[in-house]
Structures are given as structure tokens and as C-alpha cells.
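Notes follow once the structure below has been shown.
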Amino acid sequence: MTIGGAKGATAPLAVTLGDPAGVGPEIIVKAWARLRQSGPRFVVVGDADTLNAAFPTGGRGCERVASPKDALRLFPSILPVYEPPHPHAITQPTAEAARAASVVNWIEAAVDCALAGEVSGVVTAPISKAVLYKAGFKFPGHTEFLADLTAKAAHTGARGPVMMLVAKNLRCSLVTIHTPLRDAPGELTVDKVVHTALVTAEALKRDFGVARPRLALAALNPHAGEGGAMGREEIDILAPAVTQLRAMDVEISNPKPADTMFHEGARKNYDAAICLYHDQALIPIKTLDFWGGVNVTLGLPIVRTSPDHGTGFDIAGKGIANPDSLISAIRHGAEIAARRAAA
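Put into C-alpha cells, the structure is as follows:
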């Protein structure tokens, strides 16, 4: 069975429009043009007029559907768009607040459809957290919001969310995410490292088809702390976490100096790296494949992927946005959904 593919599909993916003032509409249109003949099928959750305006010819390239299930009858010749009803009134009658409320509504609707089985997974185009914060959004980002929206849904195994970045043959999971660098060491705990590694190991089996996952744990300090001379986090936090994980039958390395973990030869020795802070994961991912990196949220009852870039306000509307990361996110989402359906 191929979920989201051109043949044998049971449900399309849902791609949320993201911030309508960013590159989301443009890269979605470009992704559809490239994938419509042989790639995964998807329905856009968002505003049809905004999406139609993103077509280079200015013509009607998309059509409204009453339900995401109707997407399969339109794809590939027409890009289907599901416009969910707005569930609540906008309390701040400004254009920016209305925009933020719509973005949040589209995400909520896509998650609802995924939980109901109307779509096989959710792919989220970029949002502007600054815009959402002004309208009262209380979550650090997409990942935490999706975890809250799915909190009451049934889930087997270790619960996320855990953020994983994927590029070519490199996968990196993060223990801390959008944490200032000066605060990251203080947020590291044995429990957080164990949880991240456990969710990652289970997701590698369930979502990536890795029968016996091998994890590499990045150290925090240079030279993995030099036996405590350059910091004690490796001794006090990371080593105990490794001991716990091995007792749980998780194959994981001792803390490794991060400057020797990501070259081509080293990547052959593990299936995913456990990274301790944002740039420790993002720098090697974006160096390896800047345009093709994908963000995958692990440990949720729904499939969720996203492109590994932001809204691109500075280039929005110029027709130059690169859709490669979104295309990779759609392909990864369809592959993970197919593995879950076959399990």
C-alpha cells in the first residue's frame, strides 16, 4: 500500500498553507507542479484565493473541496484546497490578527483531519511566530502546538514531541530546541536525554524501517569534556543517560565530540544522532543539504513533517522561492504514513 502516492492511495496528505504573506503559497504551487504526475497526493488546508494568486499564469490552478477526501478526485490535474470553517470569532479586529487566527485555524483543522483519518499526515508550510505571538499564540512553535493538539489522542510507545531534522543520510534529534545557547546546558537532564533517545529509537523502527537503530550521542563540551576538565555534563548527565538507555535495550554510543561526528565516514556508524542544542544539529544538516532538509516530529499519533526553513518574507511574491525542502517534506510524510499503515 502506498499512502499519498499516485496508486493505491487511501487518503491524501494535508499541507497547511502557512503564513499567507510568506513563501508558503509559492512553494506549494511549485511542489504540486512537480509532484502531480507521480508524487504523493495532497490537499492544501488554507485560503484558495491566496493560493490561486500564487500561480505564475494568474489563472485558477486550485479548486475548493468540501472535505479532504474529495482531493483524490481532483489531483493531479487540479490542486485541491480545503477551507475549514473558522471555529471562533477574531477578538482583535486587525489584519495581522485575522491572518494569525487563520493560520492557527488551518493547523488545527489539518490535525483534526489527520486524527479522523481523512488525511494520512500533515505537512506544515512555514509560519511566523512573531505574528502569532502578537495575537496571543502561547506555544514556542509548530512542534509544541501539535503536541498539545494531539495530547488526548491514543498513542503507542514513548510520546513526543521530539524534533528530528533529516538530510540525505543524516538524521539529528534535538534534546533542546529553541533554547538560547547560554540556557541550553542548564536545561539538560538525564530524563530529557533518555526521553529524546527513546522516542528516536522507537520512531526509527516504526517510521523509518530501521530494525535495530544505532544512536550516536553528541557531547556538549569540546573533546567530550576531557574527563571533566572542560565541563562535567558528560559525566553527570550524559553518561548516566547512556547507562539507562542501554538497560532499556537502546543501542547508543558514549558521548562523542561533536566536531568528529558528522563527516561522511562517521555517519555510516549510526542511524541517528542525538544532539543537545539547536545549532549542533542544524549546522551539519544544512551544510549537507541546505535546500533539501526536512523537519520530522517524532512520537505523535499523527504523521507530521515540514520544510526546514522559514517564511522568507524578503523573497515572498518574487517567484524565486525554492520548493525542494517542501517537496522532501511531502515525500517523507508519505513514506512514513505508508510504513505506519503497513505495520
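To convert, take the position in the sequence shown, counting from 1, and add 8; that gives our numbering.
No residue lacks a Cβ here, since even glycine has one placed at the ideal position from N, Cα and C.
Using only CA atoms, which one of the options lies nearest to residue i?
i              : options                        : result
isoleucine 35  : Ala346, Glu195, Ser333         : Ser333
alanine 105    : Ser314, Phe145, Gly165         : Phe145
lysine 160     : Ala62, Leu182, Asp120, Arg347  : Asp120
leucine 157    : Ala349, Leu308, Glu343, Ile338 : Leu308
proline 315    : Arg240, Pro248, Gly32, Glu91   : Gly32
threonine 164  : Lys213, Gly194, Phe321         : Lys213
isoleucine 135 : Ser336, Ile115, Asp267, Asn60  : Ile115
Put residue i into one of helix, strand or coil per three-state DSSP.
i              : result
arginine 254   : helix
glutamate 71   : strand
alanine 274    : helix
leucine 82     : helix
leucine 59     : helix
valine 218     : coil
serine 46      : coil
threonine 204  : helix
alanine 77     : Inspection of the sequence shows that residue 77 is occupied by lysine rather than by alanine. Three-state DSSP puts lysine 77 in a helix.
alanine 109    : helix
isoleucine 323 : coil
valine 198     : helix
alanine 346    : helix
Based on the DSSP secondary-structure assignment, which residues constitute the bridge partners of residue i?
i              : result
isoleucine 260 : Leu223
serine 181     : Met172, Ile282
valine 53      : Thr24, Tyr90
How should residue i be labelled, buried or exposed, when 16 other C-beta atoms within 10 angstroms of its C-beta is the threshold for buried?
i              : result
serine 75      : exposed
proline 148    : exposed
arginine 81    : exposed
tyrosine 141   : exposed
glutamate 91   : buried
isoleucine 344 : buried
methionine 256 : exposed
alanine 124    : exposed
leucine 223    : buried
isoleucine 328 : exposed
alanine 162    : exposed
*Taking only runs that begin and end inside the region 288-317, name each unbroken beta strand (DSSP E) of 3 or more residues, in chain order.*
Fully enclosed beta strand (DSSP E) runs of 3 or longer: 302-306, 312-315.
_Length-filtered (4 minimum) alpha helix (DSSP H) runs lying within the region 114-173_ = At a cut-off of 4 residues, the continuous stretches assigned as alpha helix (DSSP H) that sit fully inside the region 114-173 are 137-142, 150-157.
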